[in-house]
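Chains V and L, in that order, are what the protein sequence lines are.
Here the first sequence is numbered in our numbering, starting from 26 and rising by one per residue.
Here the second sequence is numbered in our numbering, starting from 26 and rising by one per residue.
The beta carbon of each residue, even a glycine, is placed where N, CA and C say it ideally should be.
Taking it in order: structure first as structure tokens, then the write-up.
2 protein chains.
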Amino acid sequence: MRISELSAASGTPVSTIKYYLREGLVERGEPTAANQAAYGDEHLRRLRLIRALTDVGGVGIAEVRAVLEALAKPRTPIHRTIGVAQYALGPPEDDGPVPADVLQARAEVDAFITARCWNVHADAPARRMLADALVTLRRLGQEATTGLFEPYADIVDELAVWELGILPAQGSRSAIIEGAIVGTVVFEAALAALRRLAHEHHSAERFGRS
Amino acid sequence: MRISELSAASGTPVSTIKYYLREGLVERGEPTAANQAAYGDEHLRRLRLIRALTDVGGVGIAEVRAVLEALAKPRTPIHRTIGVAQYALGPPEDDGPVPADVLQARAEVDAFITARCWNVHADAPARRMLADALVTLRRLGQEATTGLFEPYADIVDELAVWELGILPAQGSRSAIIEGAIVGTVVFEAALAALRRLAHEHHSAERFGRS
Chain V
26 MRISELSAAS GTPVSTIKYY LREGLVERGE PTAANQAAYG DEHLRRLRLI
76 RALTDVGGVG IAEVRAVLEA LAKPRTPIHR TIGVAQYALG PPEDDGPVPA
126 DVLQARAEVD AFITARCWNV HADAPARRML ADALVTLRRL GQEATTGLFE
176 PYADIVDELA VWELGILPAQ GSRSAIIEGA IVGTVVFEAA LAALRRLAHE
226 HHSAERFGRS
Chain L
26 MRISELSAAS GTPVSTIKYY LREGLVERGE PTAANQAAYG DEHLRRLRLI
76 RALTDVGGVG IAEVRAVLEA LAKPRTPIHR TIGVAQYALG PPEDDGPVPA
126 DVLQARAEVD AFITARCWNV HADAPARRML ADALVTLRRL GQEATTGLFE
176 PYADIVDELA VWELGILPAQ GSRSAIIEGA IVGTVVFEAA LAALRRLAHE
226 HHSAERFGRS
């Protein structure tokens with residue numbers, strides 16, 4: 026198909042596709058004439074993966090590049106590639122001195138993860154993300170401990186097994202990885218949306234018209 | 026306290042506090058001398074609320090302003106004020122024509138919410154957020170229906186009741202609202218972080234070193 030058709034099929038403006046081409050995120054099509062090229066299904070799939078990461082995951086172009094580079098290395102273990110994608114979601118690494126209460130919260134989160142026997146890399150950004158949540162609650166004057174997270178941890182533990190179970194177990198390496206990446210990003214957004222809807226419903230019930 | 030002490034206590038740079046003062050997001054302190062003012066606990070609490078929204082919730086300054094304005098109107102019902110805060114989390118309203126598959130997904134999400142008897146405003150941005158997740162899955166070639174969301178919806182339904190239950194039921198109007206806003210933002214981030222941790226753990230188990 027032509028670039029205009031690729032644009033229509035992917036819902037991505039031609040100017041954005043050209044930007045991705047220049048940045049090397051999408052491979053150039055087969056040249057058919059001067060200034061024309063033919064694109065195929067693999068271009069469409071690639072574009073949709075990029076859009077899922079940027080639009081739903083809020084991931085920046087540098088992180089998209091890291092994900093695509095990991096995908097391109099056939100020797101990288103599947104689990105590692107999924108990790109690169111997940112780590113690209115952030116939060117970014119520290120860019121300055123870390124306050125004492127943040128360091129304290131991180132140590133508590135590490136202990137919490139160890140106690141759950143979760144096998145998670147020491148550098149996983151989600152550790153910092155969870156510690157930030159704890160720090161925010163405390164700075165707002167709430168007496169928060171990692172014990173608050175127990176009900177959530179039980180739930181996501183079950184959800185993760187279920188979600189990984191519905192991923193394609195067979196199929197090409199890239200299909201499995203793409204499924205896992207999209208699953209992480211899209212279902213995270215869906216879970217957040219559902220939680221907000223449930224909150225609106227129950228807070229109307231709880232606070233009524235007060 | 027002086028602005029430098031307010032900065033240390035809130036973990037917010039003095040330049041950022043001055044920006045909030047100029048923008049009217051934080052009230053000016055009590056003047057004590059030329060170019061000096063005294064700040065109190067209410068300034069500190071306000072700063073922490075803003076930081077929770079911007080840092081953890083990723084909310085922009087215009088949306089923070091909308092939240093603070095709703096907080097400032099004592100006549101606005103608690104439930105409405107919480108809604109303004111949640112709606113500020115986005116996604117933003119449509120800024121152009123909406124593709125047919127997105128409209129279709131939104132109609133399905135509306136039917137899903139009606140079937141659950143969730144009492145949620147027709148304009149709630151979380152509806153669009155959930156529809157976007159559905160569209161993304163479909164554009165990636167997956168046969169997704171709102172049925173996929175059922176297990177999540179059951180879970181967040183229970184979680185919402187539990188979360189609203191641990192909020193301060195007594196106390197000042199602003200304490201209740203601030204608690205609800207921070208709860209929405211911070212526990213959403215915590216839930217996402219925990220889910221990523223559980224995913225990393227279980228995907229290591231599932232994909233091993235493959």
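Return the chain-ordered list of same chain residues with a C-beta closer than 6 Å to the C-beta of residue i, the five sequence neighbours on each side being excluded.
i, result
"Ala63 of chain V", "Gly54, Glu55 and Thr57"
"Met154 of chain V", "Pro116"
"Ala169 of chain V", "Leu159, Leu162 and Arg163"
"Thr171 of chain V", "Glu133 and Phe137"
"Met26 of chain V", "Tyr64"
"Ala269 of chain L", "Beyond the ends of chain L as shown, which are 26 and 235, falls residue 269 of chain L; an answer cannot be given."
"Lys98 of chain L", "none"
Against residue i, what residues of chain V qualify as contacts under a CB-to-CB distance less than 8 Å, listed in chain order?
i, result
"Glu177 of chain L", "Checking the sequence shown, residue 177 of chain L turns out to be Tyr, not Glu. Going along chain V in sequence order, the residues near Tyr177 of chain L (Cβ under 8 Å) are Leu184, Phe212, Ala215, Leu216 and Leu219."
"Ala36 of chain L", "According to the sequence shown, residue 36 of chain L is Gly rather than Ala. In chain order: Pro124 and Arg164."
"Ala87 of chain L", "The premise fails here: Ala87 of chain L is roughly 18 Å from chain V at the closest Cβ pair, so nothing lies under 8 Å."
"Ala158 of chain L", "Val81, Val211, Phe212, Ala214, Ala215 and Ala218"
"Val51 of chain L", "Neighbours of Val51 of chain L on chain V: none; closest Cβ ~15 Å, over 8 Å."
With a threshold of 7 Å on Cβ separation, who are the neighbours of residue i within its own chain once the five nearest residues in sequence on each side are excluded?
i, result
"Val39 of chain L", "Ile28, Ser29 and Ser32"
"Glu48 of chain V", "Ile86"
"Ile202 of chain V", "Leu96, Ile103, Thr106 and Ile107"
"Ala130 of chain V", "Ala156, Leu159 and Val160"
"Ser235 of chain L", "Here the model assigns Ser235 of chain L a pLDDT of 49, short of 50, so the residue's position is not dependable and the matter cannot be decided."
"Thr101 of chain V", "Ala95"
"Glu118 of chain V", "none"
"Phe212 of chain V", "Glu188"
If I'm right that residue i touches residue j with Cβ under 8 Å, what's the distance once you round it to whole angstroms?
i, j, result
"Ala59 of chain L", "Ala215 of chain V", "So it is not a contact: roughly 55 Å between Cβ atoms."
"Ala178 of chain V", "Arg141 of chain V", "6 Å"
"Val81 of chain L", "Val181 of chain L", "Their Cβ separation, rounded to whole angstroms, is 19 Å, which puts Val81 of chain L and Val181 of chain L out of contact at 8 Å."
"Val123 of chain L", "Arg152 of chain L", "Contact flag wrong, Cβ pair sits at about 13 Å."
I'd like the list of long-range same chain contacts for residue i, defined as Cβ closer than 8 Å, with 5 residues on each side in sequence excluded.
i, result
"Val51 of chain L", "Ile42, Tyr45, His68, Arg71, Leu72 and Ile75"
"Leu78 of chain V", "Val84, Glu88, Val89, Val92, Ala110, Ala113, Ile206 and Val210"
"His146 of chain L", "Gly108"
"Asp120 of chain V", "none"
"Ser197 of chain V", "none"
Closer than 7 Å by beta-carbon distance: list the chain V residues that pair up with residue i, in chain order.
i, result
"Arg73 of chain L", "Arg164 and Leu165"
"Ile138 of chain L", "Leu222"
"Asn60 of chain L", "Per Cβ cutoff of 7 Å: no residues; Asn60 of chain L is ~28 Å from chain V at best."
"Ala151 of chain L", "Ala218, Arg221 and Leu222"
Are the beta-carbon atoms belonging to residue i and residue j less than 8 Å from one another?
i, j, result
"Val270 of chain V", "Leu114 of chain V", "Given that chain V is displayed from residue 26 to residue 235, the structure contains no residue 270 of chain V and the question cannot be resolved."
"Glu230 of chain V", "Ala149 of chain L", "no"
"Ala217 of chain V", "Ala136 of chain L", "no"
"Ala200 of chain L", "His227 of chain V", "no"
"Leu219 of chain L", "Phe232 of chain V", "no"
"Arg164 of chain V", "Gly36 of chain L", "yes"
"Trp143 of chain L", "Ala223 of chain V", "yes"
Can you list the residues of chain L that residue i reaches, using a CB-CB cut of under 9 Å?
i, result
"Leu189 of chain V", "His224, His227, Ser228, Glu230, Arg231 and Phe232"
"Gly108 of chain V", "Glu225, Ser228 and Ala229"
"Ala205 of chain V", "His224, Ser228 and Phe232"
"Ile28 of chain V", "Under the 9 Å cutoff, chain L gives no residues; its nearest Cβ is about 18 Å from Ile28 of chain V."
Would you mind telling me which residues of chain L sit closer than 7 Å to residue i, beta carbon to beta carbon, in chain order?
i, result
"Leu155 of chain V", "Ala215, Ala218 and Leu219"
Under 8 Å between beta-carbons, which chain L residues line up against residue i? List them in chain order, please.
i, result
"Val146 of chain V", "The sequence shown places His at residue 146 of chain V, not Val. Simply Glu225."
"Ala63 of chain V", "Result: empty, since nearest Cβ-Cβ is about 21 Å, beyond 8 Å."
"Ile42 of chain V", "What Ile42 of chain V touches in chain L: nothing, since even the nearest Cβ is about 15 Å away."
Using 8 Å as the limit for Cβ to Cβ distance, is residue i near chain B?
i, result
"Thr161 of chain L", "The chain inventory of the structure shown lacks chain B, comprising the protein chains V and L."
Please compile the residues from chain V whose C-beta is within a distance smaller than 9 Å of the C-beta of residue i.
i, result
"Ala132 of chain L", "Neighbours of Ala132 of chain L on chain V: none; closest Cβ ~16 Å, over 9 Å."
"Val84 of chain L", "The contacting residues do not exist; Val84 of chain L stays about 13 Å from chain V at best."
"Val39 of chain L", "Near Val39 of chain L there are no residues of chain V at all, since even the closest Cβ is about 15 Å away, more than 9 Å."
Taking 7 Å as the cut-off, does the CB of residue i come closer than this to any heavy atom belonging to the ligand HEM?
i, result
"Val81 of chain L", "The ligand HEM is not part of the structure shown, which contains no ligands of any sort."
Residues within the region 92 to 119 of chain L neighbouring chain V, beta-carbon criterion of under 7 Å: The residues in question are Pro102, Ile103, His104, Ile107, Gly108 and Gln111.
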